[in-house]
Amino acid sequence: MPALLMLLYEAVSALRRKTLGVDLLALLAIGGAMWLDQALTAAIIAAMAATGRWLDDYAAGHAEREMSSLLAKAPRHANRLEGGQQQRVPLDAVQPGDCLLVKAGEVIPVDGRLDDALAVLDESTLTGEAVPVTVHAAALLRSGSLNAGDAFRMTATATAASSTFSGIVRMVEQVGRAKAPVMRLADRYAFWFIPLALLLAGGAWLASDDVLRALAVLVVATPCPLLLAVPVAMISGISQCAGRGVLVKSSEVLEALARATLLFFDKTGTLTGGKARLVAIHVPDGAATDDVLRLAAALDQMSNHVMATAVVQAAHERGLGKLPLPTAVNEVAGAGLSGELEGRRVVLGSLAYVSSQLPSLSPWAQSLQARLDMEGASVVYVARDGVLLGALELADRLRLETPRALRMLKRCGVSHIAMLSGDRQDVAEAIGHGIGVDEVFAGLQPQDKLAHIHQARARGVTLMVGDGVNDAPALRAADVGVAMGAQGAAAAAESAGVVLLNDRLDRLAETVMVAQRSMAIARQSAVAGMGLSLLAMLAAALGWLPPVYGAVLQELIDVAVIVNALRALSPPAGLGQQQKLTVETVAQLNEEHALLNPLLQQLAALARAVPQLEHSQLRAELDQLQTLLHERLLPHEQKEEGQLYPAMARLLGGEDPLAALSRSHQEIFRQSRRLTMQIAALPVPASQLELQELQRTLYSLDTILQLHFAQEDELYQSMS
1127 MPALLMLLYE
1137 AVSALRRKTL
1147 GVDLLALLAI
1157 GGAMWLDQAL
1167 TAAIIAAMAA
1177 TGRWLDDYAA
1187 GHAEREMSSL
1197 LAKAPRHANR
1207 LEGGQQQRVP
1217 LDAVQPGDCL
1227 LVKAGEVIPV
1237 DGRLDDALAV
1247 LDESTLTGEA
1257 VPVTVHAAAL
1267 LRSGSLNAGD
1277 AFRMTATATA
1287 ASSTFSGIVR
1297 MVEQVGRAKA
1307 PVMRLADRYA
1317 FWFIPLALLL
1327 AGGAWLASDD
1337 VLRALAVLVV
1347 ATPCPLLLAV
1357 PVAMISGISQ
1367 CAGRGVLVKS
1377 SEVLEALARA
1387 TLLFFDKTGT
1397 LTGGKARLVA
1407 IHVPDGAATD
1417 DVLRLAAALD
1427 QMSNHVMATA
1437 VVQAAHERGL
1447 GKLPLPTAVN
1457 EVAGAGLSGE
1467 LEGRRVVLGS
1477 LAYVSSQLPS
1487 LSPWAQSLQA
1497 RLDMEGASVV
1507 YVARDGVLLG
1517 ALELADRLRL
1527 ETPRALRMLK
1537 RCGVSHIAML
1547 SGDRQDVAEA
1557 IGHGIGVDEV
1567 FAGLQPQDKL
1577 AHIHQARARG
1587 VTLMVGDGVN
1597 DAPALRAADV
1607 GVAMGAQGAA
1617 AAAESAGVVL
1627 LNDRLDRLAE
1637 TVMVAQRSMA
1647 IARQSAVAGM
1657 GLSLLAMLAA
1667 ALGWLPPVYG
1677 AVLQELIDVA
1687 VIVNALRALS
1697 PPAGLGQQQK
1707 LTVETVAQLN
1717 EEHALLNPLL
1727 QQLAALARAV
1737 PQLEHSQLRA
1747 ELDQLQTLLH
1757 ERLLPHEQKE
1767 EGQLYPAMAR
1777 LLGGEDPLAA
1787 LSRSHQEIFR
1797 QSRRLTMQIA
1807 ALPVPASQLE
1817 LQELQRTLYS
1827 LDTILQLHFA
1837 QEDELYQSMS
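Residue numbering for the sequence shown is 1127 to 1846, as defined by the working numbering.
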């Protein structure tokens, strides 16, 4: 009787929603068995339904534990430091600018910046990465991370309500509210399965005049494969995504992900990291690069512009010491700034802004601007007392995982990838075409992005990936909006159906793979279960299968397909099988490359300058470069070839998986040896042909090193 009442309630609820609930067949089977005094049959059907419900609860509970465990970790208080005293205050009392103390084992209460030298954080709640990470002074801290080291001080940059962790909690709660009673896939199958079962049962009754045959047909038609196997597979897929640091807000979103064919990306903060970095320092003959950077950084201390922050950070990284404070600073928004520094007038900014304050513009600056425009780079020019000293090249670099993520998405069936950007056309195209994007749309306002999404939805299932407030309308308009949740805007995250909590694009490709596998398992379970049920229904209609045996057979069918649906809890082939490098190892490898980047910049600058340099200056530059190559670069590459690559090959598996990178090492060694021989044989004076050959070798070495470093960085990221 309890099972009958439960099914009656669910069937009536479905009818109120104007849907044909698949619970109807189970209700008719139990009701018919009780009416015909087939108590054992009714009991078996009820037990079958209870068993299926338990399996459903198990899968749902697994997913809920992955996501709702966040709620239990929410901080309630913070330790505020005022006047040298520590006060424990409610979380809502914390305001931006407050100095907070986070003790060992405590959760970071709000977003902020680290005041102490370093901190060790467990970010597994946010990213799914179990290995603690070390961050340094001024690093951005996200609420929800656990202090896995000593106590540290931080400055709050947001209130609790607008911090990372609160946004994630709101999204988790939204997942619970959005969960549908029955998945749409199950409803589509039920649309034809229920009428067929009723028609077959009625036909068997009329043909044989035996109501037990009709009951037997209804018993074996009880649709647990639809009621439970489909939801189990979908919920298991959502659980898989949660374990990878990806929040999928509903089963409908998971289903749409599996069918996505059109992908749209915002550029800044999505394909790129959203942070400008100093790429190179360009100077005319005889100028010192460190002097240019020091002047620019000193003046940029007074600006909040993202490029100014990058310049100041680069000066600190290069150890340029304490920067002097400028006076009489005047900033022109979007152009540049000027001020007095050590008694001299310094100007920096765009070429138009700086040249307006110079007596004349040198051909060197015009040539540099033309070349960097073609590369889509941003340039900050620096002048002092009316003399142009040099230029700083800055770029918002691609995320290391971006090229791999796009390749994976193509393999998953995404046929068209487009980039939507508010940047200039040349800047957007330089990035988009370099990574294989099919179309680049630049200079867009939020309403323009929205229009592109609306037009694309007529051609297929659309994905939109973004991170800023201006992306929120497009995220909501797409079939599936995907937000970069770790550092993106809360408006973007709450408008999206998918949130990448760890800000890694390759996790989106993995999520699509999980969605496709979950959908395939759901369909397989439903079709196999209904196919077996149809055979059993035919046998029952012919009188070969009594109701009791039919109930037992249907129970076996149901359990089999539900257990099959639980396979969605395991990762797709190729995911989770490869051994990974630790976070510390990847950070160390990236740091080694970062330390070698100035050498690469010096190599590229020297290659360009060869025709203009006097022989003595050229010889000095070449000797310095050769010393750096032999003392720093070549030992680094030899250590990689002899120690790192064999260890990584064992993790990757297969036969010689790093053959291409090892071949790059050979070419680096060959070009370095060629350069050494050319330097040794360089006559005084050198002929034009000899200088051209030297320049060609420098360019060749620079090209292979840039490519090799990019390949290694991408590989390290994919293995982290």
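Heads up, the beta-carbon is just placed ideally off N, CA and C, and yes, glycines get one too.
Since the structure is predicted, the reported quantities are computational estimates derived from the model, not experimental observations.
Exercise. Shortest alpha-carbon distance to A1733 belongs to which of R1822, G1657 and P1783?
Worked result: Comparing Cα positions, the closest option is R1822.
Exercise. Counting along the chain, where does the alpha helix (DSSP H) carrying C1367 start and finish?
Worked result: Run containing C1367: V1356 to G1369, per the alpha helix (DSSP H) assignment.
Exercise. For K1375, which three-state DSSP category applies?
Worked result: Coil.
For this session: Would you mind giving the Cβ-Cβ distance between E1519 and V1505, rounded to the nearest angstrom? I have them listed as a contact below 8 angstroms.
Result: Sure, about 6 angstroms apart at Cβ, within 8 angstroms.
Problem set entry | Residues of its chain near S1488, where Cβ-Cβ distance is below 8 angstroms and the 5 sequence neighbours each way are ignored | Once the five neighbours on either side are set aside, the close Cβ partners of S1488 are P1410 and L1514.
For this session: Could you tell me which of E1717, S1659, R1525 and L1661 sits nearest to K1393, measuring between CA atoms?
Result: If we check each option's Cα against that of K1393, R1525 comes out closest.
For this session: Would you mind reading off the limits of the alpha helix (DSSP H) that contains N1205?
Result: Taken as a continuous stretch (DSSP letters only), N1205 belongs to no alpha helix (DSSP H), being part of the beta strand (DSSP E) at H1203 to E1208.
Exercise. Tell me, which residues are paired with D1522 by DSSP?
Worked result: Bridge partners of D1522: A1402.
Exercise. In chain order, what residues of the same chain have a beta carbon less than 7 angstroms from the beta carbon of P1485, not counting five sequence neighbours either side?
Worked result: Excluding five sequence positions before and after P1485, the CB atoms of its chain that fall closer than 7 angstroms to its own CB belong to G1512, given in chain order.
For this session: Give every residue of the same chain whose Cβ lies closer than 7 angstroms to the Cβ of D1218, excluding the five residues on either side of it in the sequence, and list them in chain order.
Result: Excluding the 5 residues flanking it on each side, D1218 has same chain C-beta neighbours closer than 7 angstroms at A1286, in chain order.
Exercise. Is T1847 buried or exposed, if buried means 16 or more other CB atoms sit within 10 Å of its CB?
Worked result: Because the chain spans 1127 through 1846 in this model, residue 1847 falls outside it and cannot be assessed.
For this session: Could you name the residues of the same chain whose beta carbon sits closer than 7 angstroms to that of W1331, not counting the 5 residues immediately before and after it, in chain order?
Result: The answer, listed in chain order, is V1337, R1339 and A1340.
For this session: Go ahead and label G1516 buried or exposed: buried means 16 or more other beta carbons lie within 10 angstroms of its beta carbon, across all protein chains shown.
Result: Buried.
For this session: Return helix, strand or coil for V1506, following the three-state DSSP convention.
Result: The DSSP-derived three-state label of V1506 is strand.
Exercise. Okay, do the stretch 1260–1269 and the stretch 1203–1216 touch, 3+ Cβ pairs below 8 angstroms being the bar?
Worked result: Because the criterion of three Cβ pairs below 8 angstroms is not met, the stretch 1260–1269 and the stretch 1203–1216 do not touch.
Exercise. Who does L1244 pair with in a DSSP beta bridge?
Worked result: The beta-bridge partner set that DSSP reports for L1244 consists of H1262.
Problem set entry | Secondary structure of D1511, DSSP reduced to three states | Coil, per DSSP.
Exercise. Using the beta-carbon count (16 or more within 10 Å), is T1167 buried or exposed?
Worked result: By the 10 Å Cβ count, T1167 comes out buried.
Exercise. Between the Cα of G1238 and the Cα atoms of G1231, L1226 and L1244, which residue gives the shortest distance?
Worked result: Here the closest residue by C-alpha is L1226.
For this session: Go to I1579, then tell me how far its beta strand (DSSP E) extends in each direction, as first and last residue.
Result: No beta strand (DSSP E) holds I1579; the alpha helix (DSSP H) holding it covers P1572 to A1582.
For this session: Tell me, to the nearest whole angstrom, how far the beta carbon of V1343 is from that of A1667; I am working on the premise that it is less than 8 angstroms.
Result: The pair is a contact, with the Cβ atoms about 5 angstroms apart (cut-off 8 angstroms).
Exercise. Could you give the residue range of the alpha helix (DSSP H) that holds R1758?
Worked result: Per DSSP, R1758 belongs to no alpha helix (DSSP H) and is neither H nor E.
For this session: Put I1865 into one of helix, strand or coil per three-state DSSP.
Result: Outside the displayed span of the chain (1127 to 1846) sits residue 1865, for which this structure offers no information.
For this session: Could you tell me the distance, in whole angstroms, from the CA atom of V1233 to the CA atom of A1204?
Result: Straight-line Cα distance between these residues: approximately 9 angstroms.
Problem set entry | Same chain, Cβ closer than 8 angstroms to L1722, five either side skipped, listed in chain order | Excluding residues up to 5 positions away in sequence, R1758, L1759, H1762 and F1835 lie with their Cβ nearer than 8 angstroms to the Cβ of L1722 in the same chain.
For this session: Output the boundary residues of the alpha helix (DSSP H) element that contains Q1082.
Result: What is shown of the chain runs 1127 to 1846, which leaves residue 1082 out entirely.
Exercise. Taking Q1680 as the reference, which of L1744, A1347, V1458 and D1597 has the closest Cα?
Worked result: With distances taken between Cα atoms, Q1680 lies closest to A1347.
Exercise. Comparing alpha-carbon positions, which option in E1527, E1747 and R1796 lies nearest E1840?
Worked result: With distances taken between Cα atoms, E1840 lies closest to E1527.
Problem set entry | As assigned by DSSP and simplified to three states, the class of M1309 | Note that M1309 scores a pLDDT of 43, beneath 50, so its modelled location is shaky; the value from the coordinates is reported in the next line. Here M1309 sits in coil by DSSP.
For this session: Kindly indicate which three-state DSSP category E1443 falls into: helix, strand or coil?
Result: Three-state DSSP puts E1443 in a helix.
Problem set entry | Beta-ladder partner(s) of L1624, from DSSP | Per the sequence shown, the amino acid found at residue 1624 is Val instead of Leu. In the DSSP output, where bridge partners are listed per residue, V1624 has V1374 and V1608.
For this session: Verify the contact flag: Q1366, CB atom, against every heavy atom of the ligand ADP, threshold strictly below 8 angstroms.
Result: Absent from the structure shown: the ligand ADP. Ligands present: none.
For this session: Say whether the stretch 1374–1394 touches the stretch 1539–1548, bearing in mind that this needs 3 or more beta-carbon pairs closer than 8 angstroms, one atom from each stretch.
Result: Judged by Cβ distances under 8 angstroms, the stretch 1374–1394 makes contact with the stretch 1539–1548, as three or more pairs qualify.
Exercise. How about V1640 and G1363: do their beta carbons lie closer than 9 angstroms?
Worked result: A contact, by the Cβ cut-off of 9 angstroms.
For this session: Under 7 angstroms Cβ to Cβ from M1309, same chain only, skipping five residues before and after it: list those, please.
Result: Residue confidence is low: M1309 scores 43 on pLDDT, short of 50, so the model does not pin down where it sits. Its coordinate-derived value is still stated next. Correct list, in chain order: V1356, P1357, M1360 and S1377.
Exercise. In the structure shown, what three-state DSSP assignment does A1287 receive?
Worked result: Under the three-state reduction of DSSP output, A1287 falls in the coil class, being neither helix nor strand.
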